[in-house]
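Respectively, the protein sequence lines represent chains A and B. In terms of my numbering, the first sequence has 13 at position 13, counting the first letter as 1, and numbering is strictly consecutive. In terms of my numbering, the second sequence has 359 at position 162, counting the first letter as 1, and numbering is strictly consecutive. So the structure is just underneath, and the comments pick up after that.
2 protein chains.
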Amino acid sequence: MSGTLEFYFDFSSPYGYLAAQRIDALGEELGRDVIWRPFLLGAVFKETGSQPLLGIPLKGDYARLDLERSARRMGVPMRFPDSFPFASVAACRAFYALEENDPAMAVTLAVALYEAAFGRGEDINKPENVLSIAGTLGLDLADRLGLPEIKERLRHEVEGALNKGVFGSPFFIVEGESFWGHDRMDDLADWVRQGGW
Amino acid sequence: MSGTLEFYFDFSSPYGYLAAQRIDALGEELGRDVIWRPFLLGAVFKETGSQPLLGIPLKGDYARLDLERSARRMGVPMRFPDSFPFASVAACRAFYALEENDPAMAVTLAVALYEAAFGRGEDINKPENVLSIAGTLGLDLADRLGLPEIKERLRHEVEGALNKGVFGSPFFIVEGESFWGHDRMDDLADWVRQGGW
């Protein structure tokens, strides 16, 4: 491995869900360790004055169609949860509660959470939903989810994302170069293969 | 030709400039007549609550870098005019003043205006700038730019774009299917070739 590929996403981001379906394969293809970094887009939107995508007039309607056709093209299911957009604090905390000791399992959990939310349209906003999905993987996170050090870790990650200029989801950084959007993953790959432009 | 490919753009949009560099070649490749449709993004932003891209914290910095690397990759010059974003009413009116009688020349003028603005960083916000660039093509539009029917035509086009759900620049519609963004031109091409997904 000659470096890392940072993958920033919010669990409430449907384009993040699509990116999560192929990011590990892309990292392997490019010879990069993928570092999964869930964060809270809401904190970033306060900086940028943005709002949740699907609620924006015109743009929201387009995004819904584009998400559905992008999912069809990739052959992955796409279904929106009833409560959308949703708070992803519990999902993020669960990820970081696992990540320090078992990063591979944290990624497995992230994929399971995303597939619940956008593959089957389940609500993952509440801690009990997240704990229940963790339970299907044999994980018991009930004691860790509310720990002060986990809350602090998430705050630290959100701040770190902001400091790196991350303003959307999904967002990728490789060799200091930023790429925003699920639709830029091929560009990112070309950029790495060609050694930049 | 089995149909049209509508190309919506604002003359003040640097991603529209990049799209304009390859849209006609793409149309030819796909066997579609490209219909150039300049409009005023400001009118749309009132509907969507959006703001000019490069002024948005974090996102604006990224967009500038992304525009420059995208232009490098395409091998086209990219230089921002001093006054940016700028009003593109005069440029739009000049386009529509020509388009009814000579659509090919209107496209030639659009390309010339874009290359002045983002290839050489010239101001094209004022009517006299636009007339001067038209002059280099042997066109005298001085009498037509302010005609009530030209103003009305532009209003009509902006309204038409809004009614079709156009919310950004560049924006493409082919067979009723919408694609937003310079970075979706390859997707659009795949969509047409594969008969949709």
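A virtual CB, placed ideally from N, CA and C, is assigned to each residue, including glycine. Model, not experiment: these values are computed from the prediction.
Taking the Cα positions, Glu312 of chain B is about 10 Å away from Ala217 of chain B.
Remark: three or more beta-carbon pairs, one from each stretch, lie closer than 8 Å, so the stretch 199-206 of chain B and the stretch 367-376 of chain B are flagged as touching.
In this chain, Ile56 of chain A is not harboured by any beta strand (DSSP E), its DSSP state being neither H nor E. By the CB criterion at 8 Å, Phe86 of chain A and Ala110 of chain A fall outside the cutoff. Under the DSSP definition of a beta bridge, Ile370 of chain B partners with B:Glu203 and B:Ser375.
Across the set B:Asp380, B:Ser375 and B:Asp383, the C-alpha of B:Ser375 shows the shortest separation from the C-alpha of Thr201 of chain B. Per DSSP, Trp191 of chain A lies in no beta strand (DSSP E); the unbroken alpha helix (DSSP H) holding it starts and ends at Met185 to Arg193. For Val273 of chain B, no alpha helix (DSSP H) run applies, since DSSP gives it neither H nor E.
The shortest CA-to-CA distance from Leu237 of chain B to any of B:Arg261, B:Gly318, B:Gly343 and B:Ser285 is the one to B:Ser285.
The C-beta of Glu159 of chain A comes no closer than 8 Å to any C-beta of chain B. With a threshold of 8 Å between beta carbons, Leu58 of chain A makes contact with chain B.
Distance from Arg229 of chain B to Glu354 of chain B at the Cβ level is roughly 20 Å; contact not present, criterion being Cβ atoms closer than 8 Å.
Residue environment: Pro77 of chain A is assigned as exposed (fewer than 16 neighbouring CB atoms within 10 Å of its CB, all protein chains considered).
Here the alpha carbons of Ser70 of chain A and Gly119 of chain A stand approximately 13 Å from one another. Secondary structure at Arg229 of chain B: coil, using DSSP grouped into helix, strand and coil. In summary, Asp387 of chain B is exposed, with fewer than 16 beta-carbon neighbours lying within 10 Å of its beta-carbon over all protein chains present. Nearest CB-CB separation between Thr4 of chain A and chain B: not below the 8 Å threshold. Taking 8 Å as the upper bound on Cβ-Cβ separation, chain B lies near residues Val44, Glu47, Thr48, Gly49, Ser50 and Gln51 of the stretch 30-51 of chain A. For Ser178 of chain A, the nearest CB of chain B lies under 8 Å from its own CB, placing it at the interface with that chain. In this chain, Ala314 of chain B is not harboured by any alpha helix (DSSP H), its DSSP state being neither H nor E.
Residue range Pro148 to Asn163 is occupied by the alpha helix (DSSP H) that includes Ile150 of chain A. The continuous alpha helix (DSSP H) containing Glu128 of chain A extends over residues Pro127 to Thr136. In this structure, Ala63 of chain A places its C-beta atom within 8 Å of the C-beta atom of Leu54 of chain A.
Around the CB of Lys46 of chain A, fewer than 16 other CB atoms lie within 10 Å, so the residue is classed as exposed. Looking at the DSSP output, Arg234 of chain B bridges to B:Tyr205. Put simply, the CB of Asp299 of chain B is far from chain A, with every gap to its CB atoms at 8 Å or more. Of the residues assessed, Gly176 of chain A falls on the exposed side of the cut-off, its CB having fewer than 16 other CB atoms within 10 angstroms.
Around the beta carbon of Asn129 of chain A, 16 or more other beta carbons lie within 10 angstroms, which makes this residue buried. Assigned with DSSP and collapsed to three states, Gly246 of chain B falls in coil, not helix or strand. Secondary structure of Leu141 of chain A (DSSP, three-state): coil. A direct Cα-to-Cα measurement between Gly335 of chain B and Arg350 of chain B gives close to 23 Å. For Asp207 of chain B, no CB of chain A lies under 8 Å from its own CB, so it is not counted at the interface with that chain. The continuous alpha helix (DSSP H) containing Gly213 of chain B extends over residues Pro211 to Ala217. Legend: CB atoms of the stretch 310-334 of chain B lying less than 9 Å from CB atoms of chain A are not found in any residue. Under a criterion of Cβ atoms nearer than 8 Å, the residues of chain B adjacent to Tyr62 of chain A are, in order, Gly362, Phe364, Ser375 and Trp377.
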